Each structure stands twice: as structure tokens, then as C-alpha cells.
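Asks: Here the sequence shown stands for residues 1 to 777, where the numbers follow UniProt numbering. The structure under discussion is supplied below as C-alpha cells; questions concerning it will follow.
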Amino acid sequence: MKQHRPSILLVEAQATSQQSLERRCACACVSSSHDPTLQPRTLGRECLVRESYYNSVHIFSSIEFPTRDARRHGHLSHRKAWPNEPSSQTRLQCTPPGVKYKLTCSNIERSTTSPPPAHTKTMRLSALPFGLGMLLLAWSTHALVALSPNAPIGRHHIVHEQHALSPLASGWTCTRRLAPHTILPLRIGLAQQNLHRLEELLHDVSHPESPNYSRHLTQAEVVAMFAPSQETIDAVRGWLEGEGFGRDRMRLSANKGWVLVNATVGEVEELLKAEYHAYDHPSGKRQFGCHSYSVPAHLRSHIDLIKPTVHFNYALSNRQPSHLRKRGGNLGQPSVFRGPKKSDDRGRPSQIKAGLETCDESITPECLRALYSIDYKPKAVENNSYGIVEFTPQAYLAEDLDLFFSLEDSSLGLIGTRPNTVLIDGAVVQTTDVGFQFNGESDLDLEYAMALVAPQPVTLLQTGDLVEGAGFDNWLDAVDSSFCTFEGGDDPEQDGVYPDTQPDGYNGPESCGIVAPPHTVSISYLQDEHTVTSAFANRQCAEYAKLGLLGTSVLHSSGDNGVAGNEGICLDANHQPVQNGTGTVFNPGFPASCPFVTAVGATQINPGSTVNDPEVACEQVIYSGGGFSNIFPLPSFQADAVTTYLKLHPPPYTNGEFNNSGNARAFPDISANGANYVIAVDGQLERVFGTSASSPVVGSIITFVNDARLAAGKRPLGFLNPLIYSPLCQQVLNDITKGGNQGCGTPGFNATEGWDPVTGVGTPNLSKLMKLALALP
């Protein structure tokens, strides 16, 4: 019997155009199969090449014909290998205009045939000796894989970032490869200079024993200190030019920190050796991302991160029927944001009771003044500033403010007072959607901040429009123009992208440097640390450090679920979220885990106790968020405190449950009461709990200290942590030694003498802290 010799056809394919919406090719693919019933076949003259992958595995290749003969021509498929044929590793690829490559296609499903186009050169290898034919076929396949953007990473490329969060672990299903013609606003974050000196520079202006204490830098000095080097800019530009991107397609941000290139998915995949997939969620949402991306090894030190890539939060358009659709940042969305908690079993207060007798049941501004020795009238309100950050659609109601203020001391004149509102990226203080889930957070923050610091005005930094929403980067843009990337937005995976051309979207430029950073900022929003990559977290954390260099104190709530993350979610051994409550690995929060913010935990007055009794860690309804970062190392300012805690009170957990290396950033830093707050929301009084309450209280105390320093001709405190961890501050804090922050099926950590990962260094005493601060330069 005569042995069957496979018939092979090598085909030269030439792109006839490379448009922004499709990649049309003149191509012909012919089978090479050991199946004797499958003869060499040629398909089409003009075709569109597509591929599909799942979890980086090539599962489907097709050629589609945008002609009237499409039905007759059918498609090519690699759904399964032919009998006795190994799974194909061959990729189909269109090439740039004017460039020819030899391509082969194997394992083609049976379909009708058409003659090869007249202009296509072919070489039938069956006419050659079998060994030589196989050698040429091997060469052509090797060349194809080397040219493919989805081929294994080359020798000179290394993985730069990988998914922080597995989409499949969060209920997402991979549905398809993202169409290659989809446009991506690629943003390359250039490595900044002197970031290794951030802690040193902050220590110089923030440690009370430094001769340069409170001598903060100017905006221009900060920009010059950290701007990427010209070497870095030239290296990245040279890489892009070498990959076929002309200078006319590149833009450099004003601060030289970002390079923008608008490119198709196909181009980005080839550039980054990445694969973009679309994912669907049972909720109806759809998002896309890549599992990892790579850059040339010699560029790794020049690139911080590239967006959009591996942060899995980017949603494609038309994914939610509601007018409150979210594409980028979603911190304020009720389905995502978990604000203060109500207690269903405590009942709704009918009124705020005057006096201090019931502070264990209902916290009011009067209770807080007694707890933290707040007895001060601001003197320098024109020079001082206090900002509260809120994310749309979270919003306050004016009638709620007045209801709450009507129960306060009338001599404060608060009724009718409103915050000074700064609208960031098309933000609105919306009143269409009302109720606790839309108004609870903003009402809580503003009612207590405004009542405590009156007559000091409070600035509301309302961030994000109704369509896009916003992330932490968006408000950072507004107070620090050097952080802005382009008018197109920040990270579409984490933040809102502007201009937003969707209906009801903000179609103006991104808000860059539209307001000076307030001296004190309180933020009651948090996300799980595992949802961001190390590169993203470090770059954003560096921006908080820069605000500290400028003289701003940034306070972040530490979370309400103890050692667990939002909604009580814990992690598995691979640091992926476990939805069914069986996770055993602690789940720290971000940005609280960033060492350059001051993370605020929660305390409570024990039932039956008074404001004169020691507080304990909050264990009613919520548990103070705290623990150890899996990203950030231990900063020098808290090294002694954390080392002492781990030595004297070693937690009974393994390194698999939390980062017990002894070299991890630990939080919270400080605390304040977070239980039984009476607020006015949606026209009635509610009792709420959370570190969402604690953060604006500490912010109010710091605002008073800054006022006193400004009135005395001094500068604001700026970055707080070196001060509050210093021996000088031990006598001005109330140490919390009882309670814990359970979670992940464990008791969590315990409050102890000194710093602990439940309440930090304790709660502040304003009168004592002010005396100390006025004695500093």
C-alpha cells in the first residue's frame, strides 16, 4: 500500500489594509493533515482572521469572509484535532501592509473550497522529498509562532505584571477573545526618580525630632524631585518606535510621567505579549482584561505599570440597564461600596438625647467632645482647610443636614450651612436616588465633620459623574495636577475615564489640579488590597506620600470586618477571594495598608460605661479593620512599635494566615469611636457603626491642631504617622487595651498595651495633642 504523503501548501499573505476597525487580509490557508480524506483546501481571497483563547490556551481560530460568499466559504476551526493529529500550535495572523510572511494552517475542518487567489504564491511541498518538506514546514510554523503576538514570551521579554485577582475566582466566565480592532487608550506609567527616597524625604519634614519638621515642599519641588529621567522617556519612546508606533501617535503627559498611545487590541497584544479576553458575570456585567503582560527586560526598570492591563475592573459599555451604570471607578456604587452599618436590633432613635448619660447607646458630637477633650474654637479658618471625599452617587441631602443641625447647639449657627463643594470630573450631588444606601455615608461624614469643626468650613470633594463614577486616582488628580495622566483619565480599570461621551456622562476634560489639597483630608472608602497589583498600589501610595510632602494629612478608614475584607471575604492560600466563607487567609484593606496614609480604626464605649471610662475596640455590629499588608514593607516610623507587639504578643497564626514576616506594613495607626452614631438620613434618625465615622472624627481633631498652629504662625502638621508613633506622642494618646477584630473564622488580633493591629496607637486627646503640636517648630 502506498504511503500517504501529506500535501502542504505554503502561502504568502499580504495585508491589503490595516484599518482601525478591522484587519482585512488577502490570505489562503491550506491543510496539512495526516487524515488521508482531507485534501489541501484553499479558502477565499479577502478574509478577516480571528482567534479565541481561554486562560492563555488557544482553542479556536477562524477566517471569516466579509463578502456575499461568507456562508458558502464557512470558516476554519481548531476546536479539536483531527484523528491521530496533535493539537495545533499554529497561529493565524495578518501582517502589516507591504510586509509578507509565510503562513500555514493545519487541522482545518472540512468546508467548501475555492481556488487560491491569482496573486498568492504557493509552493506544494508534496513535490519535494518528504524530509525536506517537513523541514520547511517546521521552519514556516516556527517563523509564524515567533511572529505571533500570542507566542510564548521571547528571550528578551519578561512578565511585568500579573492579575492581582483571578476573574474566575470571583464568579466571572471567560466568553471570548476581545476583538482585535477594539481601541485601547494605552497608558505607560514611566518609572519616577527618587521614589526610593520617599520615606527619607517624608521623615525629614514629618518627624518631630527633625530640624526640618513641617518645612514642606512646594508643588514645583515635588514635580521636579520625582519626574522620570530623560533616559527613561527616550527608552520607552524608542521601544514604541521600534514596534512600529510613530512619534505622531505618542503623547507625553505634562509632568512627563505617562506616555499615551491609542492602539488596537491586536497591536497591544503584540506589543505586550498579552491576550485580552471578555468576561461575563451572572449579574449581567461584562469586563475585559489580560492575565499578564510582558515588556523587554531592559525596559523593566523604566516602566512602573501599563494601563489598561491586569486590574480586573474595566467594564465594557452597555452592560447595565440602570442610568447609574459604572464603567471605571465604582467606589460610590451601592452594589460595590459598603458604608456605615445600621443596627437592626437596636431600634431607631426617636431623638438625640441631650447630655452624656447615654453615650454608650447613642454617640453624638457632644459625646465625642467629652471623649477626646475637644474644647476649642477655631481662630484661623481662612488659612485652614478640611476636605471630605465622597464618590458619586453617594450624596448628602440638605434637609438631612438641617435636621441633624437642629438638634445641635443653636449657638453654632449650623442650620442652613452647607459644605464648600468641589465637583471633580463632572460630579453631581445627586438627589434622584435617595435612601440610606445613597445618603448614609455622605450624611454621616458631613454632619459630624461640620458639627465638630464649626465655624471652620468643610470642603466636599465630590468625585465622579453618574455614569463613570470614580476611583481614588480621580480625586488625587484634582488636588495634584502632577498625578494626572491625560484628559482621557487615569486607570480605566480602577477609575473613571473622562471625557465620558455616554449619555448623561461628563464630556469635559479630566479635573487636574483644580483645587489646592486641603491641609486635612478624610476618606471613608476602602477596597481589598488583593484587588490591586503591587505596581498599581505602590504608584498610588507614592501620591499619598507626595501629599504629605506638600503638608496634607490624609486619613483613611481601616475597614469594618476585622481581619477580613469587604463583606467579610477572606482569601485562600493563593490569595484569591473565597465567596463561601471558608477562606482562612486574612484580607487587608487598601489604601489603609499604604504606609503614607493614616489608617483609622474604631473603638466603642462599652454598654453601661460612660465617657469617663476607657474605651475598647469596637465589637458591636462591626469590627475594627486591621492587620498586615501583603504588598508594603514595614516603614521605619512604626518599626519599633510593630516589632514590640510581635515580640510581646505574638499572634497565634501561621504565615499562611497573615504576613507574619515581621517586615510588613501594619495598620491601623490610630482610632476613634465608631459605634452607635446618631445621624439624620432620608428625613429620619438612624444609629450607625463603622470606621466611616471614626475617620472624619480624627480628621476634625487634626483640623483643630492645624488651626492652632496656623494661628501661631506655624505650618500644618502634614504627614501624621512619624509624629503619632514617636515617644513624644505616647502621653497625648488614650491607649486601648481590650477587644479584638475577629474575622476569617478566627478571633483576629487583640488590643494590647501600646500599638496593636486593632486600634493602632489609641485614640487622640485634643487638648494634650495641641500642646505638643504648638511646642514643635
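A virtual CB, placed ideally from N, CA and C, is assigned to each residue, including glycine. Because the structure is a prediction, the values reported are computed rather than measured.
Give the DSSP-derived three-state secondary structure of residue 478 in the structure shown.
Replies: Correct three-state label for residue 478: helix.
Asks: Do the stretch 674-686 and the stretch 760-767 touch if we need at least three Cβ pairs shorter than 8 Å?
Replies: no
Asks: Closest to residue 711 by CA distance: which of 306, 381, 235, 230 is it?
Replies: Nearest C-alpha to residue 711: 381.
Asks: Taking DSSP as the reference, what is the three-state secondary structure of residue 580?
Replies: coil
Asks: What ranges does the beta strand (DSSP E) occupy inside the stretch 517-554, keeping only unbroken runs of at least 3 residues that lie completely in it?
Replies: 520-523
Asks: What residue does the beta strand (DSSP E) around residue 631 start on, and which one ends it?
Replies: 627-633
Asks: Here's a check: name, in chain order, each residue in its chain whose Cβ is nearer than 6 Å to the Cβ of residue 609, leaving out the five neighbours to either side.
Replies: 360
Asks: Mind listing, in chain order, the continuous beta strand (DSSP E) runs of no fewer than 3 residues lying wholly within the stretch 428-462?
Replies: none
Asks: Hey, out of 405, 339, 729, 456, whose CA is closest to residue 669's CA?
Replies: Here the closest residue by C-alpha is 729.
Asks: Under a three-way DSSP split, which group does residue 179 fall into?
Replies: coil
Asks: With DSSP collapsed to three states, give me the class of residue 234.
Replies: helix
Asks: Hey, residue 558 and residue 617 are a contact pair by Cβ (cut 8 Å); roughly how many whole angstroms apart?
Replies: So it is not a contact: roughly 11 Å between Cβ atoms.
Asks: Quick one: Cα of residue 289 to Cα of residue 260, how far?
Replies: 18 Å
Asks: Looking at C-beta atoms only, is the number of pairs between the stretch 678-697 and the stretch 440-451 that lie closer than 8 Å three or more?
Replies: yes
Asks: Just the C-alpha distance for residue 721 and residue 373, rounded to the nearest angstrom, thanks.
Replies: In a straight line, the C-alpha of residue 721 is about 21 Å away from that of residue 373.
Asks: Where do the N-terminal and C-terminal ends of the alpha helix (DSSP H) with residue 266 fall, by residue?
Replies: For residue 266, the enclosing alpha helix (DSSP H) has its first and last residue at 265-272.
Asks: Count the other C-beta atoms from every protein chain shown that fall within 10 angstroms of the C-beta of residue 647, then say buried if there are 16 or more, exposed otherwise.
Replies: Exposed, by the Cβ-count rule.
Asks: With contact counted as at least three CB pairs below 8 Å, one residue from each stretch, are the stretch 232-251 and the stretch 194-203 in contact?
Replies: no
Asks: What did DSSP end up calling residue 561 once you bin it into helix, strand or coil?
Replies: If DSSP states are grouped into helix, strand and coil, residue 561 belongs with the strands.
Asks: Note down the Cα distance separating residue 449 from residue 736, rounded to an integer number of angstroms.
Replies: 23 Å
Asks: What residues in its chain sit with their C-beta under 6 Å from that of residue 420, if we drop five residues either side in the sequence?
Replies: Result list for residue 420: 457, 459, in chain order.
Asks: Between residue 190 and residue 469, what straight-line distance do the alpha-carbon atoms span, to the nearest angstrom?
Replies: 26 Å
Asks: Rounded C-beta distance between residue 529 and residue 630? I'm assuming under 8 Å.
Replies: 6 Å
Asks: Are residue 601 and residue 694 close, meaning C-beta to C-beta below 8 Å?
Replies: yes
Asks: Have a look at residue 453 and residue 620 and give me their C-alpha separation to the nearest angstrom.
Replies: 27 Å
Asks: Cβ of residue 680 within 8 Å of Cβ of residue 404?
Replies: With contacts defined as CB atoms closer than 8 Å, residue 680 and residue 404 qualify as a contacting pair.
Asks: Let me check understanding here. Comparing Cα to Cα, which of 250, 562, 653 lies closest to residue 185?
Replies: 250
Asks: Would you call the CB atoms of residue 540 and residue 591 closer than 8 Å?
Replies: Yes; because the gap between Cβ atoms is below 8 Å, this pair is in contact.
Asks: Return the first residue and the last residue of the beta strand (DSSP E) that residue 294 is part of.
Replies: 292-296
Asks: In the structure shown, what three-state DSSP assignment does residue 367 receive?
Replies: helix
Asks: Can you tell me whether residue 72 is buried or exposed? The criterion is at least 16 other CB atoms within 10 Å of its CB, across all chains shown.
Replies: Residue confidence for residue 72 is low, a pLDDT of 30 falling below 50, so the modelled location carries little weight and cannot support an answer.
Asks: According to DSSP, what are the bridge partners of residue 276?
Replies: 290
Asks: Taking the alpha-carbon positions, what's the residue 662 to residue 774 distance?
Replies: If I take the Cα positions, the gap works out to 35 Å.
Asks: Would you mind working out which of 377, 583, 398 sits nearest residue 411, comparing C-alpha positions?
Replies: 377
Asks: Just the Cα atoms here: how many angstroms apart are residue 287 and residue 708?
Replies: 49 Å
Asks: Less than 8 Å between the C-beta atoms of residue 397 and residue 431, yes or no?
Replies: yes
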